[in-house]
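2 protein chains.
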Amino acid sequence: MMDGPRSSREKRKRHATMKDVAELAGVSQTTVSFVINHVEGPSISEETRHRVWEAVRRLRYRPNAAAKMLRTSSSRSIGFVTDVLASSPFAGDMIRGAQDGAWDRGHLMIIVNTGGDPVIERAAIEELLERRVNGVIYASMAHHEVAPPENLREVPAVLLDCYSSEDGFASVRPDEVGGGFSATDALVQAGHRRIGFINIGPDQVKLASEGRLEGYWRALNQADVAFDANLVRNGNANADDGYRLARELLTLADPPTALFCGTDRMAMGAYDAARDLGKCIPDDISIVGFDDQRLLSMYLRPALSTVALPFYEMGRMAAAQLCSTHDSDEDFEPTDHLVECSFVGRQSTAPPRQQ
Amino acid sequence: MMDGPRSSREKRKRHATMKDVAELAGVSQTTVSFVINHVEGPSISEETRHRVWEAVRRLRYRPNAAAKMLRTSSSRSIGFVTDVLASSPFAGDMIRGAQDGAWDRGHLMIIVNTGGDPVIERAAIEELLERRVNGVIYASMAHHEVAPPENLREVPAVLLDCYSSEDGFASVRPDEVGGGFSATDALVQAGHRRIGFINIGPDQVKLASEGRLEGYWRALNQADVAFDANLVRNGNANADDGYRLARELLTLADPPTALFCGTDRMAMGAYDAARDLGKCIPDDISIVGFDDQRLLSMYLRPALSTVALPFYEMGRMAAAQLCSTHDSDEDFEPTDHLVECSFVGRQSTAPPRQQ
DNA sequence: AGCATTTACTAAATCGCTTTACTTCCTCGC
DNA sequence: GCGAGGAAGTAAAGCGATTTAGTAAATGCT
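Here the protein sequences line up with chains A and B, keeping their order. Counting in my numbering, the first sequence tops out at residue 355, every number present. Counting in my numbering, the second sequence tops out at residue 710, every number present.
Structure (structure tokens):
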């Protein structure tokens, strides 16, 4: 029962410190630091280096990041605060992108999910500030305007997939106009002239809604196709509204030969509508979605042509911006980045039946 | 009011330290620390406390976590290393659960996505160890056996949605047997006696595959239904194999009245097969999925009955285990937690047609 | 030989906090 | 009037690194 001095009592094992290493190697702590960090200036003999590394190995020494951080006042980390984890299937890509971006620059990423609660949001940022993160990515669930807590101003911050009208914040977000354009243009290029647009309702997602409409309009304009307001509908981003509105459009006297849907889920509804009306995709009707929610777009039959939102890239850019500002010792210069949303052609688009 | 010395030159603004606060408040640093941390023992007058807080406010003082960490040797953080972000739509839930669990216990979570690369994996854990995280969650993309890097042993670790045959690691993972049972049992309870099982192939996902089969078997057994090996098929976790195998089963001489599919995506394929064969769901054939991938299950028509994997809860449990071991000063006692996978009834199940 | 370099190191201050061990002044009981 | 005990603090020693300003010995050069 008495298992002696190194029993469970002692399990909270002390980590070896640099001093321990120095002693074992028979050198000063300074030397250890130089060797370990590969410092250029001072010269240390090959043999001493070897002794140091050997001691490191034997003691399983691992530098204490807190001490280092205190001394150098650099945390080599960024924060990621978001409410998207709660809601969006795209969250993963954004997070992955941001984390990869940070990792590539030797930073770690601390993530906090706020569930959208402003109190938690504030507290989360506060916590990150105490850890002296080099920057914070503030990501929201859908591209819209946000009002970040005041304390976000105390650190370089980039708004990801959202924006704020007050300035001082950088942002990285999708080019909705470009996305609307490329979807519409793909249909125009295929020969379509009557193109229905089932947009997402302007209420919650003004930016996306208005941007895509503008893109739609521009693409038509460029091809000298007259804009027909009757071909544009608004609805919620779900399959039911997709179904309903697609049905409305397809039963018009002069129905469109192609539909551009504001989300893949709406497109899913449109598929059902087309099927119910006995129309075949893509021969009777071309359909384009938006989001490239691969779980849907790739598994629908026929596979859905859509517009991809480059979430991974967006996350990566945000992180890169934060880390490199920090590294280069420049002041943080808040800029807006619009990233391209490109058309992904699959099987749901084809030229219209010859008329 | 010429802004002189505090111009852009000085932008790398020094954070106020506790000493600054002490000076401004006209007290010792010790006192500031006591006040700020609400230390019980020493008595400080109400007035002094007030002066301290006032100074804190005016200087926008924020404690330096690194210094605190160094002094107290507690990082109040855990690590989350994973490859799932790259691949799984469920990653979000697991991460959210883990983060919430950590947050509730005053910990932050550092996340690293390794992309499955063992070298990055090792480096990531190393980085976390240097930051003296109180524990690491090691999450994998699908419930299977893993061989975590050696250095994971140097910290309390829980394997999330995966397990290792070597011991020393805790794990939190789904109860596959229970899941298989509850799916099958729901069908049995509805009156089905011939229940097809389209399992996921045993190659990559042995645990899930074998566990669910056992659950299936037990449920049949409990209801005195004979096990018919011909009703069990294995395939990959996608819609194509779901389609193919469902078709095989439904065209048997004595076809099943219900299908239990190993994933929702396979169930999606089964839907198509049923439709192609002119069978109506759920009247002619009941279908149950697995995963509760809501994007699919809720939007399929009819909505898919399935078994939910409680990823959020799993993440939460993992984090809770790590944080509370640490808080309670107990030694970390690696345990295995199997969490329940419960049946979610929607519209794709009904009693069989009376025969 | 004599002086300047170069080589190979080391002592010690410092980063911003926590915490133990005092100190000083009151007040109170007798 | 005096000692005990409480109230309201403070001084200073670390925590584990980095980094500046040295030092001692060896070597190079004339």
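Here a beta-carbon is modelled for each residue, glycine too, at the ideal position from N, C-alpha and C.
Chain A contact for residue i (CB, 9 Å cutoff)
i, result
"Y654/B", "yes"
"N591/B", "no"
"Q577/B", "no"
"P360/B", "Summary for P360/B: the model assigns pLDDT 36, below 50, so the residue's position carries little reliability; its value from the coordinates is reported in the next sentence. For P360/B, the answer is no, since every Cβ of chain A falls outside 9 Å of its Cβ."
"I404/B", "Contrary to the premise, residue 404/B reads as Arg rather than Ile in this sequence. Not closer than 9 Å to any Cβ of chain A, the Cβ of R404/B fails to qualify, so no."
"A410/B", "no"
"I450/B", "yes"
"M356/B", "Confidence in M356/B is poor, its pLDDT being 36 and thus under 50, which makes the residue's placement unreliable; the coordinate value appears in the next sentence. No, because no Cβ of chain A sits closer than 9 Å to the Cβ of M356/B."
"E668/B", "no"
"A420/B", "yes"
"H370/B", "yes"
"M424/B", "yes"
"A674/B", "no"
"P529/B", "no"
"Q454/B", "yes"
Pairwise C-alpha distance: residue j and residue i
i, j, result
"A457/B", "E668/B", "13 Å"
"S171/A", "C323/A", "15 Å"
"P334/A", "F169/A", "5 Å"
"G106/A", "R567/B", "42 Å"
"E145/A", "G115/A", "17 Å"
"G262/A", "L231/A", "13 Å"
"N151/A", "N64/A", "29 Å"
"L70/A", "R153/A", "23 Å"
"L664/B", "A622/B", "16 Å"
"E536/B", "I555/B", "The question names Glu, but residue 536/B in the sequence shown is Phe. Using only the alpha carbons, I get a separation of about 15 Å."
"A258/A", "I450/B", "40 Å"
"A512/B", "R486/B", "15 Å"
"A66/A", "A239/A", "50 Å"
"V407/B", "S164/A", "35 Å"
"A91/A", "Q293/A", "12 Å"
"I391/B", "T427/B", "16 Å"
"E47/A", "V560/B", "50 Å"
"R9/A", "H15/A", "Its pLDDT being 33, under 50, R9/A is placed unreliably in this model, and the coordinates cannot settle the point."
"T82/A", "S140/A", "6 Å"
"A538/B", "E565/B", "15 Å"
Beta carbon of residue i nearer than 9 Å to that of residue j
i, j, result
"G570/B", "G490/B", "no"
"V694/B", "P444/B", "no"
"D161/A", "V84/A", "yes"
"L304/A", "D264/A", "yes"
"D228/A", "R194/A", "yes"
"T704/B", "V643/B", "yes"
"V21/A", "L463/B", "no"
"G179/A", "F290/A", "yes"
"A319/A", "I137/A", "yes"
Beta-carbon proximity list for residue i, same chain, < 6 Å, skipping 5 on both sides
i, result
"D241/A", "G235"
"P397/B", "F389"
"Y233/A", "According to the sequence displayed, residue 233/A carries Arg and not Tyr. These residues qualify, in order along the chain: I198, L245."
"L632/B", "L605"
"R701/B", "A658, L659, S660"
Cβ neighbours of residue i in the same chain (closer than 8 Å, five flanking residues each side left out)
i, result
"D558/B", "none"
"E127/A", "V112"
"M1/A", "With a pLDDT of 36 at M1/A, under the threshold of 50, the predicted position of this residue should be treated as unreliable, and no value is reported."
"V39/A", "S33"
"R6/A", "The pLDDT assigned to R6/A is 34, lower than 50, so where the model puts this residue is not dependable; a value taken from the coordinates is nonetheless given after this. If we look at R6/A and ignore the five residues flanking it on each side, it has no Cβ neighbours."
Chain B contact for residue i (CB, 9 Å cutoff)
i, result
"P75/A", "According to the sequence displayed, residue 75/A carries Ser and not Pro. Taking Cβ atoms only, chain B reaches closer than 9 Å to S75/A, which makes this a yes."
"R60/A", "yes"
"W103/A", "yes"
"A183/A", "no"
"G92/A", "yes"
"S88/A", "yes"
Close beta carbons around residue i, own chain, < 7 Å, minus the five adjacent residues each side
i, result
"P504/B", "P473, E476, R477, I480"
"P611/B", "R549, I550, G551, L586, L604"
"D455/B", "R671"
Which residues of the region 108-133 of chain A have a Cβ closer than 7 Å to any Cβ of chain B? Give them in chain order.
L108, M109, I110, I111, V112, N113, E127, L129, E130, R131, R132
Interface positions of the region 595-622 of chain B facing chain A (Cβ-Cβ less than 8 Å), listed along the chain:
R620
Closer than 8 Å between beta carbons: that is the criterion. Which residues of the region 638-665 of chain B meet it against chain A?
Q648, L650, L651, Y654, R656
Quick one, which residues of the region 496-517 of chain B are near chain A if we go by CB-CB under 9 Å, in chain order?
E509
Contact residues within the region 376-389 of chain B, judged by C-beta distance below 7 Å to chain A
none
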